[in-house]
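In our numbering, the protein residues as written are 7 to 89. Even for Gly, the Cβ is constructed at its ideal location relative to N, Cα and C. Please read these numbers as outputs of a predicted model, since none were measured by experiment. Reading through the structure tokens given below for one structure.
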């Protein structure tokens, strides 16, 4: 699944630089995650880095974007040109 940022986001700016895929950007009011770039850090790290650094725990799995680890790895390979 891709991750999402909820409206509990406090715009602390710590998640954006941690994303190895460049999937996180500043939205109109809070940070947003591009689901087409989010691999939950599959291919880069064992755990999503944005979740690890978020001080308010506002980055859950997006229930509308269910993906298997295999699908996330395929997305990683396509994004990095290794596929």
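Under the DSSP assignment, residue 38 falls in the beta strand (DSSP E) whose first and last residues are 37-39. For the region 24-70, the continuous beta strand (DSSP E) assignments of 3+ residues that do not extend past its boundaries occur at 30-32, 37-39, in sequence order.
By DSSP's assignment, residue 9 forms a beta bridge with 67.
Going by DSSP, residue 86 is part of the alpha helix (DSSP H) stretching over 75-86. In this structure residue 39 is buried. Its beta-carbon is surrounded by 16 or more other beta-carbon atoms within 10 angstroms.
Rounded to whole angstroms, residue 11 and residue 50 show a C-alpha spacing of 20 Å.
For residue 22, the three-state secondary structure derived from DSSP is helix. When C-alpha distances from residue 9 are compared across 69, 32, 80, the shortest belongs to 69.
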